[in-house]
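Following: one structure in structure tokens, then a few remarks.
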């Protein structure tokens, strides 16, 4: 057999083996591609002994890593067991599932990953110019110097964009009641109010720091599988508790049954997603060169910038609310929409829920109160909505909803919120997949691995540096494997998504949620032991806090950002000889 024929056969075989392994790592929570890559590294001598070339093993690792980034949306959003790269996709994904639009979530994730893969390729030459040498600017060393400051700036940016308004403690409000200054007829009020954005930022900062020290402790804990499994890091149970189990418990308490799902599996048009996915690819390039950045942080940055630009263009723009669980939000317009929807149902004295008749007449046993926008007054004369007395805040929200409906009767806030959820899913998926391309490129550009898979390649495979203008042939071959496996992953993802939703339909929602909680708990024990169970419980307690306080869940990403900032700032101090 000709040598080139044998090489092509090995390449084809390794391609399909890598795609299969990527499906396994993507669908099994905690079974990360890095574990399989390091196992492949340990088996390299055996592979060479039986005649398998190193190039085939390298192609397996690259194809596996690419397919993994496509399919890992499914266990995150449809099961509830995220990893560090898909943690923020869990919340919009769950909302789409509970809204009966999980199929669109899968389709948008597939399209986002596809665009992230393809749009990152033009950035390779730009990265070559910035970080390469002769010719090139060689910015790599400079980028390492600014890493801790960049992470600090991103963290500060996320906290300053917190929109929640909270009350200061009563004693502080009482002390500061007279802190007012009158200058030129204008009154400057410095008192602590019960509706302060600064209070919300301080609470968000406290939670960010708390989750950060939790992450620092988690990184220091030893993890060992009691059954000999390849041990996952303690970050896996931490993230599973913080973003997964906590949200599943909220779903278990607030939702009784799974709605029927739409059968819309067609990929969305690529046009509206090209710009945000291209920005995601740029963020992926930053993540690939800087250790510590994840797809979650890049997604928050992209979406926050998107919301900021939208607000500049339109003062009435409703920002993407992508960090709250099902039924949770801190945006007044969306809160008003939720109250208006609840007001469309009333609870009879005997506990029967009936819709308000379209002709304005009230059901038997209740008196319609038209001045409240369709609420009912029961026989005792008290206002109620679904059987619960309305607070002043609820009435204010309903008034805002009624005013919004009169001003913009065609405005569909629910549709707009769902569209934003889908865009978040696409952006995070694009970022997650683009990282695979950029990490591979930087391995050839600067010779530094930025993932477990790249580390395995670096240790077992001769890397031909990308020192000239044109990339080395070996890099082109692995890039072709990356693109081909990504294109094949799209139909595989749709097929697997259909199977997962059929499983949802066969099992009652609460039973399924409890089964997932038990499954994730068992997986944590199998991979990290009882220490991992303790980490999972602590993370769950932390994860239950943000929606009850009213702050954004993304501040929980301090679990990753704070430890990395501590380590990187400590390294800079060490370099000056202070410790």
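Residue numbers (the numbering used here): 1 to 579.
Backbone N, C-alpha and C fix where the C-beta goes; we use that ideal spot for every residue, glycine too.
Residue 467 versus 479, 445 and 455, residue with shortest Cα-Cα distance: In the chain shown, residue 467 corresponds to position 467, counting from 1. Of 479, 445 and 455, the residue nearest in Cα terms is 445.
Grab me the residues of residue 53's own chain with a C-beta within less than 8 Å of its C-beta, minus the 5 sequence neighbours each way, in chain order. Residue numbering aside, residue 53 sits at position 53 when the chain shown is read from its first letter. If we look at residue 53 and ignore the five residues flanking it on each side, its Cβ neighbours are 7 and 10.
Where does residue 182 sit, in a helix, a strand or coil, going by DSSP? Numbered from its first residue, the chain shown carries residue 182 at position 182. Here residue 182 sits in strand by DSSP.
Rounded to a whole number of angstroms, what is the C-alpha to C-alpha distance between residue 95 and residue 266? Translated into the one-based positions of the chain shown, residue 95 becomes position 95. Translated into the one-based positions of the chain shown, residue 266 becomes position 266. Approximately 20 Å, taken between the alpha carbons.
Just confirm the distance between the C-beta atoms of residue 425 and residue 93, as a whole number of angstroms; I'd bet it's less than 8 Å. On the chain shown, position 425 is the one that residue 425 refers to. On the chain shown, position 93 is the one that residue 93 refers to. Confirmed, Cβ separation roughly 6 Å.
Count Cβ pairs between the region 458–467 and the region 505–521 that sit closer than 8 Å; are there 3 or more? no
Nearest-angstrom Cβ-Cβ length linking residue 253 and residue 235, presumed shorter than 8 Å: Mapped onto the chain shown, residue 253 falls at position 253. Mapped onto the chain shown, residue 235 falls at position 235. That pair is no contact at about 27 Å.
How long is the line joining the alpha carbons of residue 373 and residue 548, rounded to whole angstroms? To locate residue 373, count along the chain shown from 1; it is residue 373. To locate residue 548, count along the chain shown from 1; it is residue 548. Low confidence applies here, because residue 373 scores a pLDDT of 38, under 50, leaving its location unreliable; read the following figure in that light. So the alpha carbons of these two residues sit roughly 28 Å apart.
Excluding five sequence neighbours on each side, which residues of the same chain lie with their C-beta closer than 7 Å to the C-beta of residue 227? As a first step, residue 227 is located in the chain shown; it is residue number 227 there, counting from the start. Result list for residue 227: 526, in chain order.
Can you name the start and end residues of the alpha helix (DSSP H) that residue 242 belongs to? Start at 1 with the first residue of the chain shown, and residue 242 comes out as number 242. First-last for residue 242: undefined, no H or E at that position.
Can you tell me the Cα-Cα spacing of residue 98 and residue 128, whole angstroms? Here residue 98 refers to the residue found at position 98 of the chain shown. Here residue 128 refers to the residue found at position 128 of the chain shown. Whole-angstrom Cα-Cα distance: 44 Å.
Mind checking which residues open and close the alpha helix (DSSP H) that includes residue 138? By one-based count along the chain shown, residue 138 stands at place 138. Careful: residue 138 lies outside any alpha helix (DSSP H) and carries neither H nor E.
DSSP three-state assignment for residue 104, whether helix, strand or coil: For the purposes of this step, residue 104 is taken as the residue at position 104 of the chain shown. Helix, per DSSP.
Taking 8 Å as the threshold (C-beta atoms), are residue 240 and residue 524 in contact? In the chain shown, the residue the question calls residue 524 occupies position 524. In the chain shown, the residue the question calls residue 240 occupies position 240. Taking 8 Å as the Cβ cut-off, residue 524 and residue 240 qualify as a contacting pair.
So, helix, strand or coil for residue 228, using DSSP? The count along the chain shown starts at 1 and reaches residue 228 at position 228. Coil at residue 228, not helix or strand.
As assigned by DSSP and simplified to three states, the class of residue 167: Here residue 167 is taken as the residue at index 167 of the chain shown, counted from 1. Three-state DSSP puts residue 167 in coil, outside helix and strand.
Please state if the CB of residue 483 and the CB of residue 288 are separated by a distance shorter than 8 Å. On the chain shown, residue 288 is found 288 positions in, with the first residue counted as 1. On the chain shown, residue 483 is found 483 positions in, with the first residue counted as 1. Their beta carbons are not under 8 Å apart, which means residue 288 does not touch residue 483 by this criterion.
Going by C-alpha to C-alpha distance, which of 66, 112 and 238 sits closest to residue 277? By 1-based counting over the chain shown, the position of residue 277 is 277. Nearest of 66, 112 and 238 to residue 277, Cα basis: 112.
Status (buried if at least 16 other CB within 10 Å, exposed otherwise) for residue 380: Numbered from 1 along the chain shown, position 380 holds the residue referred to as residue 380. Because residue 380 carries a pLDDT of 40, less than 50, the predicted location of this residue cannot be relied on, and no value is offered for it.
Cβ separation of residue 71 and residue 500, assumed to be a contact under 8 Å, to the nearest whole Å: Working through the chain shown from its first residue, we reach residue 71 at position 71. Working through the chain shown from its first residue, we reach residue 500 at position 500. Rounded, the Cβ-Cβ distance is 10 Å, inconsistent with contact.
The alpha helix (DSSP H) spanning residue 233 covers which residue range? For the purposes of this step, residue 233 is identified with residue 233 of the chain shown, where counting begins at 1. Where residue 233 is concerned, there is no enclosing alpha helix (DSSP H), given that its DSSP letter is neither H nor E.
Identify, in the order they occur along the chain, each residue of the same chain with its Cβ nearer than 6 Å to the Cβ of residue 485, setting aside the five sequence neighbours on each side. For the purposes of this step, residue 485 is identified with residue 485 of the chain shown, where counting begins at 1. So the list reads 19, 63, 66 and 67, once near-sequence residues are dropped.
In three-state terms, what does DSSP make of residue 610? This structure cannot settle anything about residue 610, because the visible part of the chain is limited to 1 through 579.
Run of the alpha helix (DSSP H) containing residue 555, from where it starts to where it stops: Indexing the chain shown from 1 puts residue 555 at position 555. Element bounds for residue 555: n/a, residue is neither H nor E.
Are the Cβ atoms of residue 275 and residue 115 separated by less than 8 Å? Here residue 275 is taken as the residue at index 275 of the chain shown, counted from 1. Here residue 115 is taken as the residue at index 115 of the chain shown, counted from 1. Cβ atoms of residue 275 and residue 115: not closer than 8 Å.
Quick one, which of 562, 110 and 147 has its alpha-carbon nearest residue 572's? Counting from one through the chain shown, the residue named residue 572 turns up at place 572. Considering only alpha carbons, the answer is 147.
Alpha-carbon spacing of residue 159 relative to residue 150, whole angstroms: By 1-based counting over the chain shown, the position of residue 159 is 159. By 1-based counting over the chain shown, the position of residue 150 is 150. Cα-Cα distance, rounded: 14 Å.
Give me, in chain order, the residues of the same chain whose beta-carbon lies closer than 6 Å to that of residue 514; leave out the 5 immediate sequence neighbours on both sides. If you number the chain shown from 1, residue 514 lands on position 514. So no residue of the chain qualifies.
If I measure Cβ to Cβ from residue 529 and keep anything under 8 Å in the same chain, skipping five residues before and after, which residues do I get? Numbered from its first residue, the chain shown carries residue 529 at position 529. So the qualifying residues of the chain are 223, 224, 225 and 226.
If you follow the alpha helix (DSSP H) that residue 474 is in, where does it begin and where does it stop? Here residue 474 corresponds to residue number 474 of the chain shown, with the count starting at 1. Looking at the DSSP string, the run of the alpha helix (DSSP H) that includes residue 474 is 473–506.
Taking 8 Å as the threshold (C-beta atoms), are residue 207 and residue 563 in contact? Walking along the chain shown from the start, residue 563 turns up at place 563. Walking along the chain shown from the start, residue 207 turns up at place 207. Contact: no.
Alpha carbon to alpha carbon, what distance is there between residue 280 and residue 144? Numbered from its first residue, the chain shown carries residue 144 at position 144. Numbered from its first residue, the chain shown carries residue 280 at position 280. Using only the alpha carbons, I get a separation of about 21 Å.
DSSP state of residue 527, grouped into three classes? Working through the chain shown from its first residue, we reach residue 527 at position 527. Reduced to three states, the DSSP call for residue 527 is helix.
For residue 57, which residues from the same chain have a beta carbon less than 8 Å from its beta carbon, with the 5 sequence-adjacent residues on both sides left out? Numbered from 1 along the chain shown, position 57 holds the residue referred to as residue 57. 14, 40, 44, 47, 460 and 461.
When DSSP labels each residue in this structure, what does residue 177 get in the three-state scheme? For the purposes of this step, residue 177 is identified with residue 177 of the chain shown, where counting begins at 1. Three-state DSSP puts residue 177 in coil, outside helix and strand.
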